[in-house]
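Residue numbers (full-length UniProt numbering): 1 to 347. From the three backbone atoms N, C-alpha and C, an ideal C-beta is built for every residue, glycine too. Treat the numbers as computed from the prediction; the structure is a model and nothing was measured.
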């Protein structure tokens, strides 16, 4: 829904992509509406997935999504008069990132939402920062593990057990569907430190890199989708308007408009503070699932989501009084000139 998670992290300086930072924080009234729209687009993407898999195989839904997203970003590139990357190294890494950051997780979310409500998939998406940290520390070695971050991980993973309802496997949501959604989040978590490790220092615009990732994902899914689905894709005109609209919304809105909004938010308040969208997305996913799709919500799912997000907040040092994002934007703390932003979760 939305741009893929890589599109949202490539705008920070320590993954090697240009970003313009502002010395002073913008007023809340300037950036808050944009952030709410952004969270709504990414949060509602799980509702669109649930609608899309009614008539499309998950792999074909993901293919339609990356294709629409590619078209949207290519149009933005044309408007901005920018070109795609020319460095072969960028395209080699884009093939990897297109797979682990878009093609695979978006397909897995589709499979998962054939078994569990969309609101639950949105909740599982919130664990991405908890996956990123241990991988960045132990595998890619781009971060260090502090006692505070370790505590955040423990809190977050305890929340995951609550969401999963480990004491109520028989009567809870389908465990296979939940594991599929969790695995999709794990792939997001692999891609973020991968990009930081191998693409740092590359002078590429955010839109150009994002477009290259989605183009690679489109090619990959065009090859894989017929194999895993074992049939040719249905003709677009044979699909219902709801499904066609969902595919367009997932690609054009989520990977086009949302990316532009994300860049604007970062320019206004910085990437670290923009990570607040992480905490808003599950809310929109839950509301959309309950109100629009009529899904059932079990008490321990939102409770577990709150625990997970608290763990994310502790791991990202949000609970340090002097570094509270909302304290920063109202002027109690100055925005640093060169911050090292945390990565928002994806959807």
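{"Asked": "Can you name, in chain order, every residue of its own chain whose Cβ lies under 6 angstroms from the Cβ of residue 236, other than the five neighbours on each side?", "Found": "none"}
{"Asked": "Return yes when at least one heavy atom of the ligand HEM lies under 7 angstroms from the C-beta of residue 235, else no.", "Found": "The ligand HEM is not part of the structure shown, which contains no ligands of any sort."}
{"Asked": "Thinking C-beta only, is residue 69 closer than 8 angstroms to residue 255?", "Found": "yes"}
{"Asked": "What are the uninterrupted segments assigned as alpha helix (DSSP H) that are 4 or more residues long and contained completely in the UniProt domain \"EamA\" (33-164), given in chain order?", "Found": "58-80, 88-98, 104-112, 118-125, 128-134, 147-164"}
{"Asked": "Assuming residue 135 and residue 101 are in contact, meaning their beta carbons sit under 8 angstroms apart, how far apart are those beta carbons, in whole angstroms?", "Found": "That pair is no contact at about 13 angstroms."}
{"Asked": "Locate the alpha helix (DSSP H) running through residue 261, then write down its first and last residues.", "Found": "258-269"}
{"Asked": "What are the boundary residues of the alpha helix (DSSP H) that includes residue 286?", "Found": "277-291"}
{"Asked": "Can you give the Cα-Cα distance for residue 144 and residue 128, rounded to whole angstroms?", "Found": "17 angstroms"}
{"Asked": "Of the residues 281, 268, 130, which one's Cα is nearest the Cα of residue 28?", "Found": "268"}
{"Asked": "May I ask which residues mark the beginning and end of the alpha helix (DSSP H) holding residue 184?", "Found": "175-198"}
{"Asked": "May I ask which residues mark the beginning and end of the alpha helix (DSSP H) holding residue 295?", "Found": "Run containing residue 295: none; DSSP gives neither H nor E here."}
{"Asked": "Sort 55, 301, 265, 191 by Cα distance to residue 282 and report the nearest one.", "Found": "301"}
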